[in-house]
Amino acid sequence: MHRLLACALAALPLSAAAQGLMQVYQDAKAYDAQFAAARFALQAGLEKLPQGRALTLPSASLSANTTHSRIDFKSDNASIVPGSTRDLRSYGYTLSFSQPIYRRQNLIQYDQAGYQVRQAEAVFGQAGQDLILRVSQAYFDVLAAEDTLGLVRAQKTAISEQLAQAKRNFEVGTATITDTHEAQARFDLAAAQEIAAQNDLDAKKRALQQLTGKEYGSLKPLRSDVKLSGPEPSRMDDWVGLAEKQSYPVQVQEAVAEISQLEVKRNAAAHQPTVDLVASYGWVAQNASQFSVVGGNTTTGTVGVQLAVPLFAGGALQSRDREAAANFDKARQDLEFSRRASALATRQSYLAVINGIAQVGALEQALVSSQSALASNKLGYEVGVRINIDVLNAQQQLFSTQRDLALARYNTILNHLRLKSAAGALREEDVEIVNRALQP
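Just remember that the working numbering sits 47 ahead of the position in the sequence shown, which is counted from 1.
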């Protein structure tokens, strides 16, 4: 099984050089099936406009036919009127033309097509934002898994050194066997954590690979000196206002509400008369028969205005009126729900960014304190005022702080992207901004 998996992975494209977020995003943009499906859905949605326009334009059709008939005539008095058999053949064509003069339903449906295009564009815009978020999440998931694995290995190395020192001290009689057992227990735990961290890293890489179709040798990490800035604009209410107006879910529901309102008008227009300009031209030729001594052809041309007045359709028109009104009420409630949901998502992401920046600052200070605490405990252990478990705990605290700091930075960056997405303002330029925060 492992051999088959290795062979399958070997067949995938492998990027040897460290890749940044922008390159990974471009790879996903060209490969991701979910985004490709959204792109084709947009193409399909754009066709609604020419379809709606066609309802206001002329239509023409050509039909042709040919017939063969056999007539057997049997006379009751063959001596006077003999029986006979004749073949009758005819063929012809008809060209028909129609131009709507007054069809209010068609005009309203043309207006609906414009909003259907807006809806398709908004759905695709949301798909583009989702792709940025999915790629960014997968990218930083890999970085976080790499950080965790690196820290676990560093912790394992440090514990190994502490274990060796505890054994030496026990051998010379300056420490008890308890120190050795404590260090050995920590070392065994670190070994188990290393296996779990490696497995998690492999899983995160596979998730990124599913988005891009490529296996990356390494990814560019975040610069250690990167400074995280707050949202701009700085006020939460400004972000909420943007989300309620321009977020893609709101745009989609606004288009749906407009389409539903026009559907009410379109069904009302179904009660009105329709007027069409119609014309036709036909030509028919036939051979001679028993009833026609000679063959010939006939040409017919007509031009006229056709009026149709709906009188009664079994109550279907009135039922459609009620259905359209209910759907319009539903669409308005869906729009209100979408605005509230976008506002909530914006507030949550905004607070996550603000609190994330504060958390990063606190963890940076905690990192300095953890480094000092570890150095002090090591010195205290050497002079005999600290025991082995104190050093091990200080090491654990330092590595935990380093891991938490890295995760806080990644989450703050991701929450900043989520904030822009909730407000409908996430663009490829934001990917490039994050990409510049990575190591060259």
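Every residue, glycine too, gets a C-beta built ideally from N, C-alpha and C.
Arginine 133 bridges to which residues according to DSSP? Ile118
Counting C-beta neighbours from all protein chains within 10 Å, is the total for glycine 172 16 or more, i.e. buried, or is it exposed? buried
Just the Cα atoms here: how many angstroms apart are alanine 64 and leucine 266? 8 Å
For the alpha helix (DSSP H) holding leucine 410, just list the boundary residues, first then last. 363-430
My output table needs one value for valine 273: the three-state DSSP class, helix, strand or coil. coil
Over the uninterrupted alpha helix (DSSP H) stretch that includes aspartate 74, give me the two end residues. 68-78
Residues near alanine 39 by beta carbon distance below 7 Å, same chain, minus five either side: The chain is shown from 48 up to 487; residue 39 falls before or after that span and cannot be answered.
Under a Cβ-count criterion, where at least 16 other Cβ atoms within 10 Å of its own Cβ denotes burial, should leucine 426 be classed as buried or exposed? exposed
Starting from the Cα of serine 281, find the closest Cα among Ala192, Ser396, Leu210, Ala107 and give me that residue. Ser396
Count the C-beta pairs between the stretch 298-318 and the stretch 226-245 that are closer than 8 Å, then say yes if the count reaches three, no if not. No: fewer than three Cβ pairs fall under 8 Å.
Close Cβ partners of alanine 469 (< 7 Å) along its chain, the five nearest in sequence each way excluded: Ala290, Ser294, Ser389, Ala392, Thr393, Ser396
For the pair the stretch 435-444 and the stretch 253-261, tell me if three or more CB-CB distances fall below 8 Å. no
Any contact between the stretch 131-150 and the stretch 260-278? By contact I mean 3 or more CB pairs, one from each, below 8 Å. no
Could you tell me which residues DSSP pairs with aspartate 188 in its beta bridges? Paired residue(s): none; aspartate 188 is not in a bridge.
Same chain, Cβ closer than 8 Å to aspartate 400, neighbours up to 5 away in sequence not counted: Per the sequence shown, residue 400 should be read as valine rather than aspartate. The answer, listed in chain order, is Gly277, Pro278, Thr459, Asn462, His463, Leu466.
According to the neighbour-count rule (16 or more other Cβ atoms, all chains shown, within 10 Å of its Cβ), is leucine 489 buried or exposed? Residue 489 is absent from the structure shown; the chain starts at 48 and stops at 487.
Let me know the secondary structure DSSP gives glutamate 94 once reduced to three states. coil
At what residues does the beta strand (DSSP E) containing leucine 343 begin and finish? The sequence given here has glycine at residue 343, not leucine. First-last of the beta strand (DSSP E) with glycine 343: 343-355.
Burial state of valine 340, where buried means 16 or more other Cβ atoms lie within 10 Å: Unreliable placement is indicated for valine 340, whose pLDDT of 49 sits below 50; the coordinate value is still reported in the next sentence. Classification of valine 340: exposed, given that the 10 Å Cβ count is below 16.
Below 8 Å on the Cβ atoms is my contact criterion, and I expect alanine 560 with glutamate 310 to pass it. Report the Cβ-Cβ distance as a whole number of Å. There is simply no residue 560 to check, as the chain begins at 48 and stops at 487 in what is shown.
Could you name the residues of the same chain whose beta carbon sits closer than 6 Å to that of alanine 88, not counting the 5 residues immediately before and after it, in chain order? none
In or out: glutamine 337 buried (at least 16 other Cβ within 10 Å) or exposed? The predicted model places glutamine 337 with a pLDDT of 48, which falls under 50 and marks its position as unreliable, so this point remains unresolved.
Please name the residue in Ala409, Leu410, Arg150, Ala167 whose C-alpha comes closest to that of alanine 84. Ala167
Give me the Cα-Cα distance between alanine 111 and glycine 362, rounded to the nearest whole angstrom. 38 Å
Does the structure place the stretch 442-451 close enough to the stretch 407-420 that three or more beta carbon pairs sit under 8 Å? yes
Spatial neighbours of threonine 114 in its chain, beta-carbon cut-off 6 Å, leaving aside the 5 residues before and after: Ser137
Have a look at alanine 213 and glutamine 231 and give me their C-alpha separation to the nearest angstrom. 10 Å
Note down, in chain order, each residue of its chain lying with its Cβ closer than 6 Å to the Cβ of glutamine 353, except the 5 sequence neighbours on either side. Asp323, Val325
Between the beta-carbon of serine 327 and the beta-carbon of serine 143, is there less than 8 Å? yes
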